[in-house]
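Line order of the protein sequences matches chains A and B. Counting in our numbering, the first sequence runs without a single skipped number right up to 151 at its last residue. Counting in our numbering, the second sequence runs without a single skipped number right up to 1303 at its last residue. We treat Cβ as the ideally placed atom computed from N, Cα and C, and that holds for glycine. Below: one structure, written as structure tokens.
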Amino acid sequence: MEKKELAVAALKNGTVIDHIPSESLFKVVTLLGLKDLPNSITIGFNLDSVHMGKKGIIKIADVTFPEETLNRIAVIAPTAIINVIRDYEVVDKHEVEVPDELFNIVKCNNPKCISNNEPMRTHFHVVDRSNITLRCHHCECTVHQKEITLK
Amino acid sequence: MTKSLVSISDLSKEEILALLERAGEFEKQPNQRLLEGKVVATLFFEPSTRTRLSFETAVNRLGGRVIGFSDAKTSSQSKGETLKDTIMMVSNYADLIVMRHYLEGAARYASEISPVPIINAGDGANQHPSQTMLDLYSIYKTQGRLNDLTITMVGDLKYGRTVHSLLEAMQYFNPTFNFVACDELKMPKQYKDFCDKLGIKYTETTEFDEDIINQTDILYMTRVQRERFSDLMEYERVKSLYTLRASMLDNSKDNLRVLHPLPRITEITQDVDDSPKAYYFQQAKNGLFARQAIICRALGIEG
């Protein structure tokens, strides 16, 4: 079988986050704090995807993230697939899971919310997993997926 | 056990019923020295004379003492102090904090950091649970029950937090709602979705007429606020459409009572005041008993 040319070079060890919606790619980069990592990181933006049209991909060498950290990206990239690579082999592959509660990840969209006026962490409840709808624990307002801004 | 009360949804059906029963006892005997030796702080970061006086009267009639401020300008907040610091400082002195704040979520946050219980006396446009408890008590008292009532809500159903909280609290009692408002101020989708999810019956109309009044048990009027309209002509038109006049009650049910969270401006004409069906002034008085019950619950004081 003819091998397709890989858009991004293969990884020996580390984590590949695939199927990130293009519009969320840089938010994911920020959320995972990749800017501050010393490791080799490849970021692919607007790559062709059969399922998604355009997608983003991130390959991080020699790092595996705790599940809890990876699930934080689920609110902005619910389609993301995590691949754990060891010796060029995918040893684990799974979708991200939206957690029940989000602490200090999302910013409240209500300018009159206490969380935007006091030095404190934000707290959201995920009230609808399939459409990603959040409710602010403090002001009780609802935030839909399209409106999510990160803290 | 001490318990904060931030949102009406903090209360189960059983807790709501227990509070109503307790309020009934305070109505029979408002002066009970249950708060002897206790200090209650009333922190009003935004002025609300009516609510503050009601809470402070409740504390006084229970034999407790009150400290606090009635305007943020007179507190350290005007020097830039955080809410957290104010709450931590006051909790050194008081056994209970009653707070009103202009920011939504302020009371929830205070309840997370405060070592003493918090009663929310209004947080911006969000919650005002003691108002809801006095509404429920007024309904219970005038109808003899909470179950199976038809409640017609009129006026500003979009921004009116009292109607939203009342709607949520009535979920346990099989109500039928009529939502009467102009398109600009109609009941937000999230509350209609809430009704749909729980199988609560409701109708929605822009017409405020006798047809709807005559099938109603509780007529809950609200104020249409001028600041909600950019067009003053439109405000005047809407205001007159959703005004209750005494003649409109002529063929209403005997048990119908008119409620209003007050202050009332023109949405209920003065001639309604003389009707035995007008209940809004007694409703405000019921706030005292409801708040006495809420204060005792917050401090874990049994009857």
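Kindly indicate which residue of the options has the alpha-carbon position closest to the one of residue i.
| i | options | result |
| --- | --- | --- |
| Arg-129 of chain A | A:Ser-49, A:Ala-74, A:Glu-68, A:Pro-38 | A:Ala-74 |
| Cys-139 of chain A | B:Thr-1132, B:Thr-1152, B:Asn-1120 | B:Asn-1120 |
| Asn-963 of chain B | B:Lys-1197, B:Glu-1036, B:Asn-1251 | Residue 963 of chain B cannot be examined here, being either before or after the span of chain B that is shown, 1001 to 1303. |
| Asn-83 of chain A | A:Leu-37, A:Ile-58, A:Glu-68 | A:Ile-58 |
| Phe-1289 of chain B | B:Asn-1147, B:Val-1163, B:Lys-1141, B:Thr-1206 | B:Lys-1141 |
| Ser-49 of chain A | A:Ile-114, A:Pro-111, A:Pro-21 | A:Pro-21 |
| Asp-1271 of chain B | B:Ser-1252, B:Leu-1262, B:Met-1248, B:Ala-1284 | B:Met-1248 |
| Val-1090 of chain B | B:Phe-1069, B:Ser-1004, B:Leu-1053, B:Gly-1080 | B:Phe-1069 |
| Leu-1244 of chain B | B:Asn-1255, B:Asp-1231, B:Asp-1209 | B:Asp-1209 |
| Pro-99 of chain A | A:Lys-112, A:Met-120, A:Ile-132, A:Cys-113 | A:Ile-132 |
| Val-143 of chain A | A:Cys-113, A:Gly-44, A:Thr-79 | A:Cys-113 |
| Gly-1160 of chain B | B:Lys-1277, B:Lys-1253, B:Glu-1227 | B:Glu-1227 |
| Ser-1075 of chain B | B:Lys-1197, B:Val-1098, B:Lys-1003, B:Glu-1046 | B:Glu-1046 |
| Glu-1207 of chain B | B:Lys-1239, B:Lys-1189, B:Ile-1200 | B:Lys-1239 |
| Lys-78 of chain A | A:Val-63, A:Glu-95, A:His-125 | First, the residue type needs correcting, since residue 78 of chain A is Pro and not Lys in the sequence shown. Minimum Cα distance to Pro-78 of chain A is reached at A:Glu-95. |
| Gln-1029 of chain B | B:Phe-1044, B:Ala-1058, B:Pro-1263 | B:Ala-1058 |
| Ile-1200 of chain B | B:Met-1099, B:Lys-1073, B:Asn-1174 | B:Asn-1174 |
| Asn-1126 of chain B | B:Val-1006, B:Asp-1085, B:Thr-1002 | B:Val-1006 |
| Phe-124 of chain A | A:Gly-44, A:Lys-55, A:Leu-134 | A:Leu-134 |
| Asn-46 of chain A | A:Asp-36, A:His-19, A:Glu-118 | A:His-19 |
| Lys-1253 of chain B | B:Lys-1277, B:Leu-1157, B:Ser-1230 | B:Lys-1277 |
| Arg-1306 of chain B | B:Leu-1166, B:Ala-1181, B:Phe-1194, B:Leu-1146 | Outside the shown range of chain B, which is 1001 to 1303, sits residue 1306 of chain B, and nothing can be said about it. |
Which residues in the same chain have their Cβ closer than 6 Å to the Cβ of residue i, if we skip the five residues on either side of it in sequence?
| i | result |
| --- | --- |
| Leu-34 of chain A | Ile-41 |
| Asn-1178 of chain B | Thr-1152, Thr-1203, Ile-1212 |
| Ile-1016 of chain B | none |
| Leu-1103 of chain B | Gly-1124 |
| Asp-1010 of chain B | none |
Output needed for residue i: all residues of its chain with C-beta closer than 7 Å, excluding positions within five of it in sequence on either side, in chain order.
| i | result |
| --- | --- |
| Ala-1293 of chain B | Leu-1019, Arg-1022, Ala-1023, Phe-1026 |
| Ala-1094 of chain B | Val-1039, Val-1040, Ala-1041, Ile-1067, Val-1116 |
| Cys-1296 of chain B | Arg-1022, Leu-1034 |
| Tyr-1279 of chain B | Ser-1138, Thr-1142, Arg-1257, Val-1258, Leu-1259 |
| Arg-121 of chain A | Phe-103, Asn-104 |
| Pro-1261 of chain B | Gln-1131, Thr-1162, Thr-1222 |
| Leu-11 of chain A | Lys-59, Ala-61, Ile-85 |
| Val-1224 of chain B | Gly-1155, Asp-1156, Leu-1185, Val-1238, Lys-1239, Tyr-1242, Glu-1267 |
| Arg-1291 of chain B | Ser-1054, Phe-1055, Ala-1058, Ser-1130 |
Starting from residue i, follow the beta strand (DSSP E) in both directions and report where the run begins and ends.
| i | result |
| --- | --- |
| Cys-136 of chain A | 133-136 |
| Thr-1203 of chain B | 1201-1205 |
| Val-1040 of chain B | 1039-1044 |
| Asn-1147 of chain B | Per DSSP, Asn-1147 of chain B belongs to no beta strand (DSSP E) and is neither H nor E. |
| Val-1066 of chain B | 1065-1069 |
| Lys-93 of chain A | 89-95 |
| Arg-1100 of chain B | 1096-1101 |
| Arg-1033 of chain B | Taken as a continuous stretch (DSSP letters only), Arg-1033 of chain B belongs to no beta strand (DSSP E), as it is neither H nor E. |
| Arg-1257 of chain B | 1257-1259 |
| Val-84 of chain A | 81-86 |
With a CB to CB cut of under 8 Å and the five nearest residues on each side skipped, what residues in its chain are close to residue i?
| i | result |
| --- | --- |
| Leu-150 of chain A | Lys-27, Thr-30, Leu-31, Ile-76, Ile-105, Val-106, Lys-107 |
| Asp-92 of chain A | Ile-82, Asn-83, Val-84 |
| Arg-86 of chain A | Asn-13 |
| Asn-39 of chain A | Gly-14, Ile-60, Ala-61, Asp-62, Val-63 |
From the DSSP output, in three-state form, read off residue i for me.
| i | result |
| --- | --- |
| Tyr-1172 of chain B | helix |
| Met-120 of chain A | coil |
| Leu-1053 of chain B | helix |
| Lys-1158 of chain B | coil |
| Ala-1290 of chain B | helix |
| Met-1153 of chain B | strand |
| Lys-107 of chain A | strand |
| Ser-49 of chain A | strand |
| His-1164 of chain B | helix |
| Phe-26 of chain A | helix |
| Cys-139 of chain A | coil |
| Gly-56 of chain A | strand |
| Thr-1269 of chain B | coil |
| Arg-1226 of chain B | helix |
| Val-127 of chain A | strand |
| Asn-1120 of chain B | strand |
| Tyr-1109 of chain B | helix |
| Thr-1216 of chain B | coil |
| Val-63 of chain A | coil |
| Thr-42 of chain A | strand |
| Cys-113 of chain A | strand |
| Val-1006 of chain B | coil |
Starting from residue i, trace the alpha helix (DSSP H) in both directions and tell me its first and last residue.
| i | result |
| --- | --- |
| Pro-1129 of chain B | 1129-1143 |
| Val-964 of chain B | Any property of residue 964 of chain B remains undetermined from this structure, which presents chain B solely from 1001 to 1303. |
| Leu-14 of chain A | It should be noted that the sequence gives Gly, not Leu, for residue 14 of chain A. Run containing Gly-14 of chain A: none in the alpha helix (DSSP H); it sits in the beta strand (DSSP E), 14-21. |
| Leu-1020 of chain B | 1013-1028 |
| Asn-152 of chain A | Residue coverage of chain A in this structure runs from 1 to 151, which leaves residue 152 of chain A outside it and unanswerable. |
| Val-1238 of chain B | 1232-1241 |
Quick one: measure Cβ to Cβ for residue i and residue j, integer angstroms, because I've assumed they're closer than 8 Å.
| i | j | result |
| --- | --- | --- |
| Glu-1267 of chain B | Tyr-1242 of chain B | 6 Å |
| Thr-1051 of chain B | Arg-1100 of chain B | 6 Å |
Compare the C-beta of residue i with all C-beta atoms of chain E and state if any pair is closer than 9 Å.
| i | result |
| --- | --- |
| Glu-1227 of chain B | Absent here is chain E; the protein component of the structure consists of chains A and B. |
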